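Undergrad: Position one of the sequence shown corresponds to residue -18 (our numbering), numbered consecutively onward.
Backbone N, C-alpha and C define an ideal beta-carbon position, used for all residues, glycine too.
As the structure is a prediction and not an experimental result, all values here were calculated from the model.
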Amino acid sequence: MSEPAITASHAPLGEPSRWVRHWTHLVAPGGAVLDVASGAGRHARWFAGHGHPVTALDCDAAALATMQDEPLITTLTADLEGAPWPLPDGVKFAAVVVTNYLHRPLFPCLLEALAPGGVLIYETFAHGNQTIGKPSNPAFLLTPGELLDTVRPRLRVVAFQDGFLAQPRPAYVQRTCAVLEAEPGLNGAQSDGQGATQALPPPCYELAG
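#1: Report yes if the C-beta distance between leucine 45 and threonine 36 is below 8 Å; otherwise report no.
#2: Provide the residue span of the beta strand (DSSP E) that contains valine 35, from first to last.
#3: Can you tell which of Ile113, Val72, Ala25 and Cys158 has its C-alpha closest to the C-alpha of glutamate 187?
#4: Rounded to whole angstroms, how far is the Cβ of histidine 108 from the Cβ of leucine 123, which I believe are closer than 8 Å?
#5: Do valine 72 and histidine 24 count as a contact pair if the criterion is CB distance below 8 Å?
#6: Determine, using beta carbons only, whether valine 138 and valine 8 come nearer to each other than 8 Å.
#7: Just the Cα atoms here: how many angstroms apart are tyrosine 82 and glycine 11?
#8: Is the beta carbon of leucine 209 less than 8 Å from the beta carbon of phenylalanine 74?
#9: When you compare only the Cα positions, how much space is there between alanine 64 and tryptophan 4?
#10: Whose CA, out of Asp143, Pro97, Pro149 and Arg85, lies closest to the CA of threonine 131?
#11: What would DSSP say about leucine 167, mapped onto helix, strand or coil?
#12: Might you give, ordered along the chain, the residues of its own chain that have their beta carbon closer than 6 Å to the beta carbon of tryptophan 27, omitting 5 neighbours on each side?
#13: For tyrosine 186, which of helix, strand or coil comes out of DSSP?
#14: Are alanine 21 and threonine 47 closer than 8 Å when you measure CB to CB?
#15: Go ahead and label glutamine 155 buried or exposed: buried means 16 or more other beta carbons lie within 10 angstroms of its beta carbon, across all protein chains shown.
#16: How many Å lie between leucine 87 and alanine 180 at the Cα?
#17: When the Cα of leucine 68 is compared with those of Gln49, Cys90, Pro52 and Glu62, which residue comes out closest?
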């Protein structure tokens, strides 16, 4: 029997990932958030608690039902691996969050779900984890640098890590925070209203300490 993917819905509800908390400040205030493979919603609840409307996707209807009384969270039961992408074309989010889940065919959908200025916060298991526990199936382990190579053609990578974590449990992980930058006008310049142009300031992504 093949090893199942490890997703948030297979883990007990706990504290939000430190990586997710670390980069929450980059998400536009009040911006809509998509939590993919949300499970019982540790990250959906985190963002809702910070005033963000959240759409939580997962195949586990029972886990999603635990969020039914959360006014800012909309849940959607969806087969993320055996069915078409469940959201309508054109629906965009200020942030897309994925943790402890990997289904490579979803990457284009995740990137398309970002609005201009939207933030992708992604963290999951990587090659090396097979030496210490599950998941050990290569289908669920990112190869060295894979996450960076996947997002960099379209997104501005603010942070990327690929290595070993001792806490909250030993694991090899890759994680990134990346932004779909809005298209600047006039190749990075803007008009002053009198026919002249001036350089736009560079985007400022505050690096939390």
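TA: Quick look at the numbers:
#1: no
#2: Where valine 35 is concerned, the enclosing beta strand (DSSP E) starts and stops at 35 to 39.
#3: Cys158
#4: 7 Å
#5: no
#6: no
#7: 25 Å
#8: Look at the range of the chain in this structure, -18 to 190, and you will see that residue 209 is not part of it.
#9: Here the C-alpha atom of alanine 64 lies approximately 31 Å from the C-alpha atom of tryptophan 4.
#10: Arg85
#11: Residue placement at leucine 167 is flagged as unreliable, the pLDDT there being 41, under the threshold of 50; the coordinate-derived value follows with that caveat. Coil, per DSSP.
#12: If we look at tryptophan 27 and ignore the five residues flanking it on each side, its Cβ neighbours are Pro(-3).
#13: coil
#14: yes
#15: buried
#16: 37 Å
#17: For leucine 68, the nearest C-alpha among the options comes from Cys90.
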